[in-house]
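Per the working numbering, the very first residue in the sequence shown carries number 2; after that it's consecutive.
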Amino acid sequence: MRKRGFTLVEIMIVVAIIALLAAIAIPTLIAAKRTANEAAAKATVRSLSTAAETYATANNGAYPASVANLTSFIASAPSFCADVTGTAATAVQGYNYTCTSAVGGYTFVAAPVTAGTTGNVTYTATTGGVLTPL
Numbered sequence: 002m003r004k005r006g007f008t009l010v011e012i013m014i015v016v017a018i019i020a021l022l023a024a025i026a027i028p029t030l031i032a033a034k035r036t037a038n039e040a041a042a043k044a045t046v047r048s049l050s051t052a053a054e055t056y057a058t059a060n061n062g063a064y065p066a067s068v069a070n071l072t073s074f075i076a077s078a079p080s081f082c083a084d085v086t087g088t089a090a091t092a093v094q095g096y097n098y099t100c101t102s103a104v105g106g107y108t109f110v111a112a113p114v115t116a117g118t119t120g121n122v123t124y125t126a127t128t129g130g131v132l133t134p135l
């Protein structure tokens, strides 16, 4: 009578094929995550900048004295920026945000938590709505 089943060699070949496929797929997935983090950071800085510019338009050219004043234009502003609570902002999608706002202008910076892993680009938006990747 013959026994049915797989031999050890057959199982090892299947495991090797699965490991090879994983070795090819994992770096691609990590790169996609990093790209998504960068796109989210760019969009967030652009949204903060647009909110500050809209605030200035509604207030005769005076920019918000603090990021807390932006909540009527962008509700999530306090969750990104540290100057509202006086403590460091938590990382959002692999980026830390630094927000400086005064009546004369603003600067919003999104920097990766770990350069090369969570993102490669630092985004800065300054008065006038200029977004600069570094």
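Glycine included, C-beta positions come from ideal geometry on N, C-alpha and C.
| request: Have a look at the DSSP bridge pairing and note the partners of Pro113. | output: What you label residue 113 is simply residue 112 of the sequence shown in a count that begins at 1. Partner(s): Tyr96.
| query | I think Tyr107 touches Phe81, with their Cβ atoms under 8 Å apart; what is that distance to the nearest whole Å? | reply | For the purposes of this step, residue 107 is taken as residue 106 along the sequence shown, with counting starting at 1. For the purposes of this step, residue 81 is taken as residue 80 along the sequence shown, with counting starting at 1. Wrong, their Cβ atoms sit about 13 Å apart, outside the cutoff.
| Is the CB-CB distance between Gly120 and Glu54 below 8 Å? | Along the sequence shown, read from residue 1 onward, the residue named residue 120 stands at position 119. Along the sequence shown, read from residue 1 onward, the residue named residue 54 stands at position 53. Against a cut-off of 8 Å, the Cβ pair of Glu54 and Gly120 comes out as no contact.
| Does the beta-carbon distance from Val104 to Thr125 come in below 8 Å? | Numbered from its first residue, the sequence shown carries residue 104 at position 103. Numbered from its first residue, the sequence shown carries residue 125 at position 124. Using a Cβ distance threshold of 8 Å, Val104 and Thr125 do not count as a contacting pair.
| query | On the premise that Leu132 lies in contact with Ser50, defined as a C-beta separation below 8 Å, what is that separation, rounded to the nearest angstrom? | reply | In the sequence shown, residue 50 corresponds to position 49, counting from 1. In the sequence shown, residue 132 corresponds to position 131, counting from 1. Taking a contact as a CB-CB distance under 8 Å, the pair Ser50 and Leu132 counts as one, their CB atoms being some 7 Å apart.
| query | Buried or exposed: Val68, going by 16 or more other Cβ atoms within 10 Å of its Cβ? | reply | Working through the sequence shown from its first residue, we reach residue 68 at position 67. Val68 is buried by the Cβ-count criterion.
| In its own chain, which residues sit with a C-beta less than 7 Å from the C-beta of Gly95, not counting the 5 before and 5 after it? | Residue numbering aside, residue 95 sits at position 94 when the sequence shown is read from its first letter. Excluding sequence neighbours, Gly95 sits near Asn38, Pro113, Val114, Thr119 and Gly120.
| request: Please name the residue, chosen from Ala44, Thr29 and Ala20, that lies closest to Gly130 on a Cα-to-Cα basis. | output: On the sequence shown, position 129 is the one that residue 130 refers to. Comparing Cα positions, the closest option is Ala44.
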